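In the numbering used here, the protein residues as written are 61 to 259. So the structure is just underneath, and the comments pick up after that.
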Amino acid sequence: MNAFDAYQSIGAPSQGLFKDNGSRFIAFAFPVETEEEVKEHVAALKKEYHDARHHCFAYRLGYKGDVWRAADDGEPSGSAGRPILGQIDSMGLSDILVVVVRYFGGIKLGIPGLIRAYKTSTADALGQASVVPKVAGKMWTVEFDYLSMNDVMKVLKEMNLSPSAQNFGENCSLTVRVRLSEEESFKKKLDSFAKLKEI
């Protein structure tokens with residue numbers, strides 16, 4: 061059964077290419093988790109391919125895929141960003157950015173030609189990518205006193221959670237990532253002997 065917090069992304073960057081009438085469309089797919097990362101990748105490609113005519117892109121983020129954007133970067137409206145996003149969606153991916161760098165070949169392709177070019181180059185990049193399962197989760201800080209340590213550790217072990225940071229002094233605390241579908245059970249099990257804070 062597919063839990064509501066499970067989704068798919070790509071495991072590593074990949075590339076694709078489409079050529080038409082002298083124009084070259086180079087597609088770059090990246091796994092990303094934040095809009096900050098999106099900006100960094102787009103800026104880096106604009107710098108590296110500064111002589112290209114357009115740097116069009118689309119991204120979708122989050123396990124629900126509800127954070128997204130499609131940008132035409134000077135191409136006719138709807139002819140670049142939307143076809144890129146359409147390919148991302150047809151593969152059911154999120155936490156992904158695809159940027160297509162276009163070198164103009166001197167012959168106009170018309171809107172249907174552009175849509176085909178952006179769609180095909182994106183499909184090529186996604187076809188080269190390894191699709192990986194992802195699980196949405198949140199980070200929590202668990203604070204407890206030394207005497208409750210065994211109880212806390214027992215719950216973490218039961219739920220198969222490994223703390224990413226821990227501090228065992230007089231007052232103990234640890235940080236752990238919990239998948240969304242297990243959050244309620246996590247809170248219930250620890251509630252009586254620990255203080256929980258979502259980060």
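The beta carbon of each residue, even a glycine, is placed where N, CA and C say it ideally should be. Just so we're clear, the structure is a prediction, and the values are computed from it rather than from any experiment.
Asked                                                                                                            : Found
Three CB pairs or more closer than 8 Å across the region 234-253 and the region 165-183                          : no
Sufficient close CB pairs (3 or more, under 8 Å) joining the region 95-104 to the region 204-215                 : no
Unbroken beta strand (DSSP E) run spanning Asn-231, endpoints                                                    : 231-239
Contact belief for Val-192 with Ile-70 at Cβ below 8 Å, rounded distance in angstroms                            : 7 Å
Cβ-based burial, His-114 [other Cβ within 10 Å; buried from 16]                                                  : buried
Helix, strand or coil at Arg-142 according to DSSP, with G and I counted as helix                                : helix
7 Å Cβ shell around Gly-166 - same chain, five flanking residues per side excluded                               : Gly-82
Identity of the residues DSSP links to Ala-130 by a beta bridge                                                  : Ala-118
Own chain partners of Ala-271 with C-beta closer than 7 Å, once the 5 adjacent residues on each side are dropped : Here the chain has residues from 61 to 259 only, and residue 271 is not among them.
Residue span of the beta strand (DSSP E) that contains Ile-86, given as start and end                            : 83-91
Ser-181 in three-state terms, based on DSSP                                                                      : helix
Exposure of Glu-108, with buried meaning 16 or more beta-carbon neighbours within 10 Å                           : exposed
Continuous alpha helix (DSSP H) stretch holding Leu-153: start and end                                           : Counting along the chain, Leu-153 falls outside any alpha helix (DSSP H), and DSSP gives it neither H nor E.
Buried or exposed (CB count within 10 angstroms, at least 16 for buried), Asp-205                                : exposed
Check whether Leu-174 and Glu-135 have beta carbons under 8 Å apart                                              : yes
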